[in-house]
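For reference, each letter of the sequence shown is one residue, going 272 to 438 in our numbering.
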Amino acid sequence: HVNSPGIFEYPLGTPLKEILDAAGGVKGKLKGIIAGGLSVAILTADEAEDLILDFDSRVKAGTALGSGGIMVVNDTVSIPELALRTIRFYHHESCGQCVPCREGSRVIENKLQGLIEGRGKMEDIDLILSLCENIKGLTLCPTGEAFSVPVEAMVRKFRTEFEELVR
272 HVNSPGIFEY PLGTPLKEIL DAAGGVKGKL KGIIAGGLSV AILTADEAED LILDFDSRVK
332 AGTALGSGGI MVVNDTVSIP ELALRTIRFY HHESCGQCVP CREGSRVIEN KLQGLIEGRG
392 KMEDIDLILS LCENIKGLTL CPTGEAFSVP VEAMVRKFRT EFEELVR
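Structure, rendered in structure tokens:
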């Protein structure tokens, strides 16, 4: 099912493992999978182990179908840096029309930047989570949900990586 290098197309219901094998497997140790594009919740390696790529299986695993794109995260990837790249993209894409999206994405980006630069505090992690929880459902378009869901999942599931930046 190879259409061109790096692009694979499979029907719904295909096991994730089959797609990863077709792509050459995971280099290094699998840390997580984003199985639906960058607007869905990341899954840990354990959560993604037996994942079937269809709507119901993704919802049951705590993520969504999204765009259908799959991002493989190995042990060389910093989840805080991935979270920062994610929020940077969505902050840039925000039209700025509604406060939760415009200001929430700006504050989350600043707090993540501070953590990565070594000037963050433990309460910054909790503030990021609180903002993500409170932005969902309050924006004029889906952009607030599109960034709050993945960032919140990254922080919740890989919190130790964020806390290590404070220590």
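Cβ atoms here follow ideal geometry from the backbone N, Cα and C, with glycine treated the same way.
Serine 338 and phenylalanine 326 have their alpha carbons spaced roughly 12 angstroms apart. By the C-beta criterion, the region 415–422 is judged to be in contact with the region 387–406, since at least 3 inter-stretch pairs fall below 8 angstroms. Assigned with DSSP and collapsed to three states, isoleucine 323 falls in strand. Here glycine 303 is bridged, per DSSP, to Thr315, Val344.
Rounded to the nearest whole angstrom, the CA to CA distance from glycine 284 to isoleucine 323 is 6 angstroms. Using a Cβ distance threshold of 8 angstroms, threonine 347 and alanine 306 do not count as a contacting pair.
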